[in-house]
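Everything in the sequence shown is counted per the numbering used here, starting at 5 for the first residue and increasing by one. Working notes for the structure below.
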Amino acid sequence: MKITRVRFVLCGYELPTPIPLSCGALTHRNFGLVLVETDAGITGIGETSVNFPPWCVHERRATIEDGLQSLLIGENPLDVARLNKRMVDATRSFTRMWAEGAIAQAMSGIDIALWDIAGKEYGVPVWQLLGGKYRDEILCYAVGFNAADPGRGALEMRERGYTHGKMRIGFDDAADIAKARGMREAVGDDFAILIDANQAFDLPRARRIMRELRDLGLYWLEEPLLNDDFDGYAALRAEFPDIPLAWGENAFSLGDYHTMLDNDLVDAVMPDPCRSGGLTSAVRMAETAASHGIAMSPHHYGSDVGFVAALHLAASQPNFSIMLRDEAPVPLRGDILAEPLVVTNGTVAVPASPGLGIDLDLATVEAATIRL
């Protein structure tokens, strides 16, 4: 079997109401699908993150179709690890020019698609290729609900069976603190609260916020500082041992993981298969965390193609804890699948079919495709 073509397919639309994030408003929900075609008639499906910045969709298409594709044509798609290394080696010099994240995210979609091909060819789910599964259902926390009133949103999520919910901060500090307190008052103590700062703070501001949040019994505080502010994380870890810290969705190298884990700076890591370099890299990151006794919580903020890839990661790793489920009203996220996923009481079943275990709804994908 040989690879014959690698395609980037952008699906999405402009949001009627932008989603506020501390790093900038999300005005579109775009999903970057990657299709790896073979001469055997098997097509692998993957996803690359295309959330930020807005122009990344053009870079992603060029990197995948004009750059990485030439490394893969004629190659055996079952050689997943070798092809992953080939892409890494060929782009190593570029990653030293402030392009590490962009290239890793482009590689991610291809790598996921290669795992999908392998599973389809061998007739087994991807989690089986990753070593088997530890669990049949994946516990999720809800995010994306009612930013204006997260307390009310959390109650709605609890009515749907969720036991964990995440709100975002990094805007107006006083308002953020009031919303966090309101969320705790609304749900009581039997609902876990996660808070995500999206790297919004410097160290002094993070300290001020954390002093106000420390009595809320947070499940974790995610990315309070810039991803590579290792000294800052050390300071927060020393001053606030009672607030668990989560990190890793924007880390693209095992070196950064070792820095955080070797120095005991976080309580949970969040490799993202659609950002970190694919399932190949995400598994290595998860295993590194496991060797340090640290929990792994896959991150994904895209379509349900990438979500399913993260499900396979979660199923196959012993140190899995919980996983993000976007509950913002974005129907296209799931509609691009021929069989939409079902969330039952905050859990999602691990796929049992070969490969990722999904097919695309081609009519929906075609209708939502944005031509670049």
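No residue lacks a Cβ here, since even glycine has one placed at the ideal position from N, Cα and C.
Going by DSSP, what residues sit across from Asp200 in a beta bridge?
Reading the sequence shown from its first residue, position 196 is the one you call residue 200. Beta-bridge pairing links Asp200 to Arg172, Glu226.
As an exercise, report each continuous alpha helix (DSSP H) stretch of at least 4 residues that is fully enclosed by the segment 21-106, in chain order.
Within the segment 21-106, the complete alpha helix (DSSP H) runs of at least 4 residues are 60-65, 73-76, 84-94.
Please list the terminal residues of the continuous alpha helix (DSSP H) segment that includes Ile142.
Your numbering for residue 142 matches position 138 in the sequence shown. No alpha helix (DSSP H) holds Ile142; the beta strand (DSSP E) holding it covers 141-147.
Return helix, strand or coil for Gly361, following the three-state DSSP convention.
Within the sequence shown, numbered from 1, the residue matching residue 361 stands at position 357. Coil.
Answer yes if the segment 6-16 comes into contact with the segment 231-247, meaning at least three C-beta pairs across the two stretches below 8 Å, and no otherwise.
No contact exists between the segment 231-247 and the segment 6-16.
Evaluate contact between the segment 33-49 and the segment 161-173, counting only Cβ atoms and requiring at least three cross-stretch pairs below 8 Å.
The segment 33-49 is not in contact with the segment 161-173.
Taking the DSSP output, what are the residues bridged to Arg329?
Your numbering for residue 329 matches position 325 in the sequence shown. Note: Arg329 sits in a beta bridge opposite Ala146.
On a Cα-Cα basis, can you pick out the residue from Trp119, Arg96, Leu118 that is closest to Ala108?
Along the sequence shown, read from residue 1 onward, the residue named residue 108 stands at position 104. Answer by Cα proximity: Arg96.
I'd like to check one pair, Ser307 with Arg337: are the Cβ atoms closer than 8 Å?
Residue 337 sits at position 333 when you count from the first residue of the sequence shown. Residue 307 sits at position 303 when you count from the first residue of the sequence shown. Yes, the Cβ-Cβ distance between Arg337 and Ser307 is below 8 Å.
Within the same chain, show all residues whose beta-carbon is closer than 7 Å to that of Arg188, passing over the 5 residues directly before and after it, in chain order.
By one-based count along the sequence shown, residue 188 stands at place 184. These residues qualify, in order along the chain: Ile197, Leu220.
What is the DSSP secondary structure of Gly16, counted as helix, strand or coil?
As a first step, residue 16 is located in the sequence shown; it is residue number 12 there, counting from the start. Gly16: strand per DSSP, three-state reduction.
Please state if the CB of Ala286 and the CB of Pro277 are separated by a distance shorter than 8 Å.
Counting from one through the sequence shown, the residue named residue 277 turns up at place 273. Counting from one through the sequence shown, the residue named residue 286 turns up at place 282. Yes.
Secondary structure at Pro248, three-state DSSP: helix, strand or coil?
Working through the sequence shown from its first residue, we reach residue 248 at position 244. Three-state DSSP puts Pro248 in coil, outside helix and strand.
Looking at Phe256: is its Cβ nearer than 8 Å to the Cβ of Ser280?
By 1-based counting over the sequence shown, the position of residue 256 is 252. By 1-based counting over the sequence shown, the position of residue 280 is 276. Result yes, Cβ atoms of Phe256 and Ser280 sit closer than 8 Å.
Taking the alpha-carbon positions, what's the Val61 to Val54 distance?
On the sequence shown, residue 61 is found 57 positions in, with the first residue counted as 1. On the sequence shown, residue 54 is found 50 positions in, with the first residue counted as 1. Each residue's Cα considered, the two are about 6 Å apart.
If you follow the alpha helix (DSSP H) that Val352 is part of, which residue opens it and which one closes it?
Here residue 352 refers to the residue found at position 348 of the sequence shown. Premise fails: Val352 lies in the beta strand (DSSP E), 351-353, not in any alpha helix (DSSP H).
Determine the direct distance from the alpha carbon of Leu315 to that of Trp131, and round the result to whole angstroms.
For the purposes of this step, residue 131 is taken as residue 127 along the sequence shown, with counting starting at 1. For the purposes of this step, residue 315 is taken as residue 311 along the sequence shown, with counting starting at 1. Straight-line Cα distance between these residues: approximately 9 Å.
State the DSSP-derived secondary structure class of Phe324, mapped to helix, strand or coil.
Indexing the sequence shown from 1 puts residue 324 at position 320. Here Phe324 sits in strand by DSSP.
How close, in whole Å, do the beta carbons of Thr47 and Ile7 come, if the pair is a contact with beta carbons under 8 Å?
Here residue 47 refers to the residue found at position 43 of the sequence shown. Here residue 7 refers to the residue found at position 3 of the sequence shown. Actually they do not touch by this definition, with Cβ atoms about 10 Å apart.
Would you mind listing the alpha helix (DSSP H) stretches within the segment 224-310 that are 4+ residues and don't spill past its ends, in chain order?
You should have 234-243, 258-266, 283-295.
Does DSSP put Leu366 in a helix, a strand or coil?
Within the sequence shown, the letter at position 362 stands for residue 366. Of the three classes helix, strand and coil, the one that applies to Leu366 here is helix, per DSSP.
So Leu283 and Ile116 are supposed to be a Cβ contact under 8 Å. How far apart are they, rounded?
For this step, residue 283 is matched to residue 279 along the sequence shown. For this step, residue 116 is matched to residue 112 along the sequence shown. Yes, Leu283 and Ile116 are in contact; Cβ-Cβ is about 6 Å, under 8 Å.
Kindly confirm or deny that the segment 324-342 and the segment 67-81 touch, where touching means at least three C-beta pairs closer than 8 Å.
Counting Cβ pairs under 8 Å, fewer than three are found: no touch.
Are the segment 346-355 and the segment 135-142 touching by the rule of at least three beta carbon pairs closer than 8 Å?
The segment 346-355, when compared against the segment 135-142, does touch it at the 8 Å Cβ threshold.
For Arg288, which residues in the same chain have their Cβ closer than 8 Å to its Cβ, ignoring the five residues on either side in sequence?
Counted from its first residue, the sequence shown places residue 288 at position 284. Closer than 8 Å at the Cβ level, and outside the excluded window around Arg288, lie Leu258.
Grouping DSSP H, G and I as helix and E and B as strand, with all else coil, what is Pro154?
Residue 154 sits at position 150 when you count from the first residue of the sequence shown. Correct three-state label for Pro154: helix.
Quick check on the burial criterion: 16 or more other C-beta atoms within 10 angstroms. Buried or exposed for Leu366?
Numbered from its first residue, the sequence shown carries residue 366 at position 362. Exposed is the call here.
Closest to Ala293 by CA distance: which of Ala313, Ala272, His304 is it?
Indexing the sequence shown from 1 puts residue 293 at position 289. Minimum Cα distance to Ala293 is reached at Ala272.
Report back the beta-carbon spacing between Ala151 and Arg185 to the nearest angstrom; my notes put them in contact at under 8 Å.
In the sequence shown, residue 151 corresponds to position 147, counting from 1. In the sequence shown, residue 185 corresponds to position 181, counting from 1. Not a contact, Cβ separation roughly 16 Å.
If we ignore side chains and look at the alpha-carbon of each, how far apart do Leu427 and Ala44 end up?
This structure does not reach residue 427, given that the chain is present from 5 up to 376, and the question cannot be answered.
Considering only C-alpha positions, which residue in the set Ile340, Leu345, Ala332 is nearest to Pro20?
Reading the sequence shown from its first residue, position 16 is the one you call residue 20. With distances taken between Cα atoms, Pro20 lies closest to Ala332.
Taking DSSP as the reference, what is the three-state secondary structure of Val10?
As a working note, residue 10 is residue 6 in the sequence shown. Val10: strand per DSSP, three-state reduction.
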